[in-house]
Each structure stands twice: as C-alpha cells, then as structure tokens.
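All residue numbers for the sequence shown refer to the numbering used here, where the first residue is 875 and numbers rise by one.
Just so you know, even glycine gets a beta-carbon here, dropped at the ideal spot from N, CA and C.
Since the structure comes first, as structure tokens, the remarks are kept for the end.
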Amino acid sequence: MPPPTSPPTPSSNDYDLTTPLPSTTGLRQTLPSYGDAHFSLFLRKVFIKALGYTEDALSRPIIGIINTNSGFNPCHGNAPQLLEAAKRGIHLNGGIAIDFPTISLHEGFSHPTSMFLRNLMSMDTEEMIRAQPVDACVMVGGCDKTVPAQIMGGISANKPVLPLFTGPMMPGSHRGKRVGACTDCRNNWASFRAGTIDLEEIMAVNEELAPTIGTCGVMGTASTMACITAALGLIPLQGASAPAVSAARLRIAEQTGASAVAAARAQRTLQTLLSVESFYNAAIVLQAIGGSTNAMVHLMAMVNRHPGIRGEVSLETLDRIGRSTPLLVDLKPSGDNYMTDFHNAGGMAGNNPANIAGGESTPRQCHI
C-alpha cells in the first residue's frame, strides 16, 4: 500500500500579509469587508471547512448550483436528482460544486400573483450570484416566472451562468383520453361549471391532469421559455423538451455541470454571449412554436437587463418578426398535442431558427 499523501499546502500568499492575494477566483473573490483581504479569506476558510472541505477541494473552480427545490413547487420536484447529476458533471471535470437556495416560484402557490415575484426572484438570483464566491453557476429552474427571473439575474450578475430546466411532465389519461395541465385544467373546469360533467368526474380528472412532477406538459410559459432559451444558445436543444422524469434529463444535467466548469475557465458570461441576433432567434422560435404570450413580456425584461442590447430590441421588433414567421408546432393550448409529442418528434432540433422560413434568423450559436 502506498504511503498516505500529505495534505496540499495552501498558497503561502493566503497568509503572507506583505503580498496581495494571487487571484480573484474561487474563495478569493467577492470577499466580505472584514478589514484586510487576507483576514477575510482566512475567516471564509474557517467557516467553509466546518462542512468538511479540504484545501484541495477549495482550490478548484467553484461552481454554484441554484437549488429551487420546494415542497410547494412540483414543477421542480426533480431538482434534487438534477443537482446530483450536475454535481457529477462538475466533479468529473475538475470543479467543486456547492449548491445554495433562492426563491422558488410556482404559479399555483404565489399569492396574489407570481408576476411581481418574478422581479424579486431575479434580484435574489443576481445578488446571491454576486455575493458568493462562485466562478460559474448552474441555475436549476423550470416553472413559468423562474426561468426569466434567473436569466434576468444572470445577465445583471455578469458571471458565467447556465440554465438547467427541470423539464415537462408526462400527460395523464382520463377515460381513454390524454389530458395534461394546464390547458385541460381549464376546459374540464369549464365543463364542470356548465354542468356537462359531474362532481365525480371532475374529481377523477383532477388526479390525472398532473400525473408526474415537471412543468406543464403543454406549450405554456414554462415550455415556451425553455424553447426560447435553447434558441438563445444557452442550453442544448434536447434540454428544452426532455421529460422531467426521463434519464435524458439527468444526462443533460450532467452535461450542464461539465459545461459550467468550461464556462468558468473561459469566463463566458451572458453579457458576452447574447446579442441582438440572439433575441431575434428567440422571437422567431416564440412565434414558430405558438408560444405563450407571456414570453413577450419576459423577453423584453431580459433585453432590458443587457447593457449592450437595451433599446435595440422593442415590442415593434417582436411584432415585425411575428408577422413574418409561420406557426409550425401543433401543441396545446393552440393545438392538440403535448410536449412529449414535440420531444419525440425531434423537439427544438426541428425548430432551429435558421430552419424557419420567413424569419430574420441568424445561425444559432450554442454557447455551452
């Protein structure tokens, strides 16, 4: 048996008060104001070592993972599994993964409305990315306002960030017919109010509309924002539609973790990656998939967070693109099918902006 190795020796500069700290990465970045920087770093190491970290672990690129798991958010019910898969990708590629919480928003559990909480979540996301010593960050999210909030916060924080979607739920079945939230929630409730279905049936369908964890299984705001994010080049194409309960979703999480380490080393931030053309592509995809009208509001909020794009894309821009872009996708609420059908038919691979005639597209750049 080989002799045990000695513990790594910390950088002497961490304790040499006559020498500036050697870098502003890892634990040495965003130090709190406790007098001199060396003492601030010393205190930081004192406390994080209480969690069992070694000097070797703490010398690696630190990749934060935003954990939006919540007992009130079934859209994010697979977040614990995604965190573990993302951590695997980070560790296999030489980083150290540290997760931390932010606000978690679900449409059905946000009184009186989730919209004003979107901005609060974007502030939470931005400030936690800024405040903590992360070289890059994986943002786990999915439900409607979560994704725009995270991208808004990520743009403003101006650190490398990568979205990781929880993915859509599977459709349910009621009396031999497929059903799914939230389009079929509304039409079944309308039938109950009209007296065309009875109490027993509405209670039965209630248990099938959301049969698994994940975001709504239709082209609602959550899936729309996932497709838009793929058009922006921030996630793999498959990452927009792989079901929440699939093995593919876990593999995407591992890939995202690996990509986060690469993004940290290359210092790829959303402010450097996104362009006016990126948002043109997003607008084209929004129209081609028959996406949620809420996405117009979210796209403009994202545009206005970017100092180099603010004012270059307007509602008039989105309207012009919409008038020249064909509708290609037949999904509820405007059509008949579900996100699982979209995914099985190729998903966003068949809706690359460059493939859509009539749009003002440029070749999609995948940045991860």
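**Prompt:** Shortest alpha-carbon distance to glycine 1209 belongs to which of Glu1081, Ile1126, Gly1164 and Lys1019?
**Reply:** Gly1164
**Request:** Kindly list the residues whose CB is nearer than 6 Å to the CB of arginine 1123, restricted to its own chain and excluding five residues on each side of it in sequence; keep chain order.
**Result:** Gly1041 and Ala1116
**Asked** What's the call for tyrosine 889, buried or exposed, on a 16-neighbour Cβ count within 10 Å?
**Response** exposed
**Prompt:** Which of the three DSSP states, helix, strand or coil, is assigned to leucine 1178?
**Reply:** For the record, residue 1178 in the displayed sequence is asparagine; it is not leucine. In the structure shown, asparagine 1178 sits in a helix (DSSP, three-state: H, G or I).
**Request:** List the endpoints of the continuous alpha helix (DSSP H) containing alanine 1138.
**Result:** 1121–1140
**Request:** Could you tell me if lysine 946 is buried or exposed, where buried requires 16 or more neighbouring beta carbons within 10 angstroms of its beta carbon?
**Result:** Checking the displayed sequence, the identity of residue 946 turns out to be phenylalanine instead of lysine. Exposed, because fewer than 16 other Cβ atoms sit within 10 Å of the Cβ of phenylalanine 946.
**Message:** DSSP three-state label for aspartate 973, please.
**Reply:** strand
**Item:** Supposed contact pair isoleucine 1109 and proline 1037 - C-beta distance, whole angstroms, cut 8 Å
**Value:** 6 Å
**Item:** Contact belief for methionine 1213 with leucine 1202 at Cβ below 8 Å, rounded distance in angstroms
**Value:** That belief does not hold up - the Cβ atoms of methionine 1213 and leucine 1202 are roughly 15 Å apart, past 8 Å.
**Request:** Using three-state DSSP, classify alanine 1010 as helix, strand or coil.
**Result:** strand
**Request:** Within 10 angstroms of the Cβ of histidine 1172, are there 16 or more other Cβ atoms? Answer buried if so, exposed if not.
**Result:** buried
**Message:** Using a Cβ-Cβ cutoff of less than 6 Å, which residues in the same chain neighbour asparagine 1211 once the five nearest sequence positions on both sides are dropped?
**Reply:** Asp1204 and Leu1205
**Request:** Using three-state DSSP, classify proline 1045 as helix, strand or coil.
**Result:** coil
**Message:** So for phenylalanine 946, helix, strand or coil by DSSP?
**Reply:** coil
**Request:** Please look up how many angstroms separate the CB atoms of alanine 1127 and isoleucine 937, rounded, as I've assumed it's under 8 Å.
**Result:** Not confirmed; about 13 Å, so no contact.
**Asked** Between the beta-carbon of arginine 992 and the beta-carbon of proline 1022, is there less than 8 Å?
**Response** yes
**Request:** Count the other CB atoms, across all protein chains shown, that sit within 10 Å of the CB of methionine 1077; report buried if there are 16 or more and exposed otherwise.
**Result:** exposed
**Residues bridged to glycine 1015 [DSSP beta-bridge criterion]** = Phe1039
**Request:** Give the DSSP bridge partners of valine 1053, in chain order.
**Result:** Gly1046
**Message:** Between valine 1014 and alanine 953, how many whole angstroms is the CB-CB distance? I'm expecting something under 8 Å.
**Reply:** 5 Å
**Spatial neighbours of valine 1177 in its chain, beta-carbon cut-off 7 Å, leaving aside the 5 residues before and after** = Phe1153, Ile1183, Arg1184 and Val1187
**Message:** Once the 5 residues before and after leucine 1189 are set aside, which same chain residues still bring their CB inside 8 Å of it?
**Reply:** Met1170 and Met1174
**Message:** Are the CB atoms of phenylalanine 974 and methionine 997 within a distance shorter than 8 Å?
**Reply:** no
**Item:** Secondary structure of leucine 1083, DSSP reduced to three states
**Value:** coil
**Message:** For leucine 901, which residues in the same chain have their Cβ closer than 8 Å to its Cβ, ignoring the five residues on either side in sequence?
**Reply:** Leu915, Arg918, Lys919, Ile922, Leu932, Ile936 and Pro1007
**Request:** Report the rounded CA-to-CA distance for arginine 977 versus aspartate 930, giving the unit in angstroms.
**Result:** Reading off the sequence, residue 977 comes out as isoleucine, not arginine. Roughly 31 Å separates the two Cα atoms.
**Asked** So what's threonine 1089 in DSSP terms, helix, strand or just coil?
**Response** strand
**Asked** Nearest CA to the CA of phenylalanine 1216: which residue from Arg1197, Met1044 and Gly909?
**Response** Met1044
**Prompt:** Which residues in the same chain have their Cβ closer than 6 Å to the Cβ of lysine 1019, if we skip the five residues on either side of it in sequence?
**Reply:** Leu979, Ser988 and Arg992
**Segment limits, beta strand (DSSP E) that includes glycine 848** = The shown model of the chain, from 875 to 1242, leaves out residue 848, and the question about it has no answer.
**Asked** Are the Cβ atoms of threonine 1130 and alanine 960 separated by less than 8 Å?
**Response** yes
**Item:** Contact under 8 Å by Cβ, valine 1012 with isoleucine 940
**Value:** yes
**Asked** Taking serine 1120 as the reference, which of Asn943, Thr1086 and Ala911 has the closest Cα?
**Response** Thr1086
**Asked** Hey, asparagine 1032 and valine 1135: beta-carbon distance below 8 Å or not?
**Response** no
**Request:** Can you give me the start and stop residues for the alpha helix (DSSP H) that glutamate 929 sits inside?
**Result:** 929–932
**Prompt:** Going by DSSP, which residues form a beta bridge with asparagine 1211?
**Reply:** Leu1205
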